[in-house]
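Scroll down for the structure; my scribbles are underneath it.
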Amino acid sequence: MTTLPEKTEKKLGLVIDLDICVGCQACATSCKEWNTGGYSAPLTDHDAYGADPSGAWLNRIHSYEVGEGAGSRTVHFPRSCLHCEEPDCVTVCPTGASYKREVDGIVLVNPDTCIGCKLCSWACPYGAREYDYDDGVMKKCTLCVDRIYNETLAEEDRVPACVRACPTGARAFGDLGDPASAVSQSVAERGGFDLLEEFGYKPVNKYLPPRSPAEVVDTPAAPILEAAIAQPDGSKVEGFFAWIDQALSRSEA
Amino acid sequence: MHPAYSVILFTTASGAGYGLMFWVSLIHIFGAGPDSRWFEFTAMAVSLILVTVGLLASTFHLGHPERAFRAFSQWRSSWLSREGVAAVATYAPSGFLALIWLLGGETAWTAPLALLAAVGAVVTVYCTGMIYASLRTIRQWNLGLVPVVYLGLAAASGAVLLAFFLAAFGQSPIWAAMLSLIGLGGAAALKALYWRRIDADPGRYTVEMALGLSAVSVGAQAGGVRPLDPPHTRPNFVMREMGYQVARKHALKLRQFSLIALFAAPAAAIVLASTFGVAVTALYLLAAVSVGVGAVLERWLFFAEAEHVVTLYYGASRA
């Protein structure tokens, strides 16, 4: 059914910290690995090792330069489905294949009823949906619905693959409808924001802004590199190697 | 937006078909046509063929055409579903009319059936326009004017086809020429207004809004947001489908071509036919073909000039 639920019991989603994301692509590759064998299987690639590779991925990591001169910085920007509360990608679907779950708010595509008309991808301002040309249906982030409730996995693995993979802890998963949850509290503390709030789809996923330089805690300076390198101890062996080094340097010049 | 040829063929062919269906039904109700059921049958049959070719073409861009029947289920929320329902519902009165005219039975049912077919044609074309107009992601489409342009072009191309069939059955009443000229003029005016409207709007969304980042927000004094590393080395589905963009100077030239083919050339042919009364059928056929070419160009531009908000993530500064 493509009409949206009036209210969802939970608002499961991600909080992505733009301050510490290093753009390593681990979340994207881990997502691809899990989902090409999970709910969204297959995630088809074409010409994967050739000159014109393309394929369906559910998570894309951009890098941007923001500002000029002092204070400017590089920001790595992961982009995936935001599991919006009021998204048109669900309501435009003519078949009911695109739907939002009442129990946890996850937006999914039923691969058995999708006709591959691509209208949902047109309705998404975030570019979160990618069409699988081989499978003929639309693919999107499932919030790893086949991991988070999967009791055959160890408890620490019952989070989306991207969250599990992130080496810097820039991605967190939880219930954003519960103000007491860790993700909600980090959003409150850090001024987490909605992407394209003006658009009005009410994204569930939130982004935490990069800390501005003034906010950065003043950490003690690291020991200077030269101090850490062993100083000459004046032995004969060392003198011998110093002589070789000088001789070689002269011959090169 | 990437112009899918199946969708261009669908919207122009079915638009002309529904336009013709509308006018044939209307002149039947008012008894304005020639006293020949074969004229009415031929025109209605051609309109049904155009509509059917269009609907079949629209399934070519689907990943799973065999599941197309599922698209009738979500009419409560989806304009695409509503279009499908309206199109199928319109087959009933128009199909019965064609059958009655083919078999030649005189019945009181034809007038109400014609009214239903005319209403169905309008509703279906309106739904087609609303599929595009309801998308907030594309400012060139998200306009109340868009379904009006779809209706105007369907009415104009249908009117020229009607005048052609009248001429083919040996009639060229002045009202048919006037209807075609007014229809073409109206469609051209609507299209000119549409282009003025989209040219005046620079887009309300910026790359800063899309990322939630700006120079000030990261603590820099100046500068904007620049893409540094793309997420993929070659274009993905999003870039190919949503990032297609025709060069501005090409678009302006194509706009002129489409106006000439859609309006100037057919109008000249119709004026010639009405003034001199020679080669009337051939001139109307020429007009109809020219309108077809113009409509295809116009529909191609409708896609190629459309800018999607997602392009902000790929280097556009406004959308």
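Protein chains in written order, with numbering that gives the first Met the number 0: chain A, 0 to 252; chain B, 0 to 318. Ideal Cβ positions, reconstructed from N, Cα and C, are used throughout, including at glycine. Just so you know, these numbers come straight off a predicted model, no measurement behind them.
Under 9 angstroms between the Cβ atoms of residue i and residue j?
i: cysteine 30 of chain A; j: cysteine 140 of chain A; result: yes
i: threonine 136 of chain B; j: alanine 122 of chain A; result: yes
i: serine 211 of chain A; j: valine 217 of chain B; result: yes
i: glutamate 84 of chain A; j: tyrosine 200 of chain A; result: yes
i: alanine 50 of chain A; j: arginine 69 of chain B; result: no
i: leucine 96 of chain B; j: alanine 113 of chain B; result: yes
i: tyrosine 312 of chain B; j: histidine 61 of chain A; result: yes
i: threonine 89 of chain B; j: valine 50 of chain B; result: yes
i: tyrosine 131 of chain B; j: leucine 150 of chain B; result: no
i: alanine 214 of chain B; j: glycine 222 of chain B; result: yes
i: glycine 62 of chain B; j: cysteine 113 of chain A; result: yes
i: glutamate 209 of chain A; j: cysteine 23 of chain A; result: The sequence shown places proline at residue 209 of chain A, rather than the glutamate named in the question. The answer is no: Cβ separation not under 9 angstroms.
i: serine 171 of chain B; j: leucine 165 of chain B; result: yes
i: alanine 187 of chain B; j: leucine 258 of chain B; result: yes
i: lysine 124 of chain A; j: tyrosine 204 of chain B; result: The sequence given here has proline at residue 124 of chain A, not lysine. Yes, the pair counts as a contact, with Cβ atoms nearer than the cut-off.
i: serine 133 of chain B; j: alanine 56 of chain B; result: no
i: alanine 167 of chain B; j: valine 270 of chain B; result: no
i: proline 33 of chain B; j: glycine 169 of chain B; result: yes
i: glycine 16 of chain B; j: isoleucine 48 of chain B; result: yes
i: tryptophan 194 of chain B; j: isoleucine 7 of chain B; result: no
With distances taken from CA atoms, which of the options is nearest residue i?
i: aspartate 87 of chain A; options: A/Val106, A/Glu154, A/Leu11; result: A/Val106
i: arginine 225 of chain B; options: B/Arg317, B/Pro172, B/Thr58; result: B/Arg317
i: valine 295 of chain B; options: B/Val245, B/Leu152, B/Pro64; result: B/Leu152
i: arginine 189 of chain A; options: A/Pro178, A/Leu207, A/Ala181; result: A/Leu207
i: leucine 102 of chain B; options: B/Thr41, B/Pro33, B/His1, B/Leu300; result: B/Thr41
i: glutamate 82 of chain B; options: B/Tyr193, B/Leu115, B/Ala120; result: B/Ala120
i: tyrosine 243 of chain B; options: B/Leu271, B/Ala315, B/Leu210; result: B/Ala315
i: threonine 58 of chain B; options: A/Pro77, A/Gly115, A/Thr43, A/Asp145; result: A/Gly115
i: valine 14 of chain A; options: A/Cys161, A/Thr28, A/Trp33; result: A/Cys161
i: glycine 12 of chain A; options: A/Glu196, A/Pro93, A/Pro110, A/Arg170; result: A/Arg170
i: leucine 118 of chain A; options: B/Ser77, B/Val118, B/Gly104, B/His231; result: B/Ser77
i: valine 308 of chain B; options: A/Glu5, A/Gly126, A/Lys10; result: A/Gly126
i: threonine 232 of chain B; options: A/Cys26, A/Arg59, A/Met137; result: A/Arg59
i: glutamate 196 of chain A; options: B/Gly211, B/Leu285, B/Ser289, B/Gly276; result: B/Gly211
i: histidine 1 of chain B; options: B/Arg66, B/Leu134, B/Val245; result: B/Val245
i: proline 93 of chain A; options: A/Glu237, A/Ser185, A/Thr2; result: A/Thr2
i: leucine 261 of chain B; options: B/Glu240, B/Leu189, B/Ala86, B/His60; result: B/Leu189
i: methionine 129 of chain B; options: B/Trp108, B/Asp198, B/Ala85; result: B/Ala85
i: proline 229 of chain B; options: B/Thr127, B/Ser273, B/Ala267, B/Thr310; result: B/Thr310
i: leucine 17 of chain A; options: A/Val91, A/Asp174, A/Asn34, A/Asn204; result: A/Asn204
Since residue i and residue j are thought to touch, with beta carbons under 8 angstroms apart, how far apart are those beta carbons, to the nearest angstrom?
i: phenylalanine 236 of chain B; j: tyrosine 38 of chain A; result: Actually they do not touch by this definition, with Cβ atoms about 19 angstroms apart.
i: serine 53 of chain A; j: glutamate 64 of chain A; result: That pair is no contact at about 26 angstroms.
i: leucine 183 of chain B; j: proline 265 of chain B; result: 6 angstroms
i: glycine 202 of chain B; j: arginine 247 of chain B; result: Their Cβ separation, rounded to whole angstroms, is 14 angstroms, which puts glycine 202 of chain B and arginine 247 of chain B out of contact at 8 angstroms.
i: leucine 180 of chain B; j: leucine 19 of chain B; result: Wrong, their Cβ atoms sit about 17 angstroms apart, outside the cutoff.
i: valine 290 of chain B; j: valine 159 of chain B; result: 5 angstroms
i: alanine 191 of chain B; j: alanine 250 of chain B; result: Going by Cβ atoms, the distance from alanine 191 of chain B to alanine 250 of chain B rounds to 14 angstroms, so no, they are not a contact pair.
The alpha helix (DSSP H) that contains residue i, what's its start and end?
i: isoleucine 147 of chain A; result: 144-147
i: isoleucine 15 of chain A; result: From DSSP, isoleucine 15 of chain A is part of no alpha helix (DSSP H) but of the beta strand (DSSP E) over 11-16.
i: histidine 27 of chain B; result: 4-29
i: alanine 97 of chain B; result: 78-102
i: alanine 221 of chain B; result: Looking at the DSSP string, alanine 221 of chain B is not in any alpha helix (DSSP H); the run it does join, the beta strand (DSSP E), is 221-228.
i: lysine 99 of chain A; result: Careful: lysine 99 of chain A lies outside any alpha helix (DSSP H), inside the beta strand (DSSP E) at 97-99.
i: glycine 184 of chain B; result: 173-199
i: lysine 31 of chain A; result: 25-34
Applying the criterion that 16 or more other CB atoms from any shown protein chain within 10 Å of the CB defines a buried residue, is residue i buried or exposed?
i: serine 35 of chain B; result: exposed
i: proline 202 of chain A; result: buried
i: arginine 249 of chain A; result: exposed
i: alanine 155 of chain B; result: buried
i: tryptophan 100 of chain B; result: buried
i: glutamine 73 of chain B; result: buried
i: serine 234 of chain A; result: exposed
i: histidine 27 of chain B; result: buried
i: glycine 168 of chain A; result: exposed
i: leucine 247 of chain A; result: exposed
i: proline 146 of chain B; result: buried
i: tryptophan 37 of chain B; result: exposed
i: histidine 45 of chain A; result: exposed
i: proline 159 of chain A; result: buried
i: tyrosine 148 of chain A; result: exposed
Ends of the beta strand (DSSP E) at residue i?
i: phenylalanine 76 of chain A; result: 72-79
i: isoleucine 60 of chain A; result: 58-67
i: valine 136 of chain A; result: 136-138
i: alanine 278 of chain B; result: That residue, alanine 278 of chain B, is in no beta strand (DSSP E); it is neither H nor E in DSSP.
i: arginine 170 of chain A; result: 170-174
i: aspartate 131 of chain A; result: 129-131
i: valine 108 of chain A; result: 106-108
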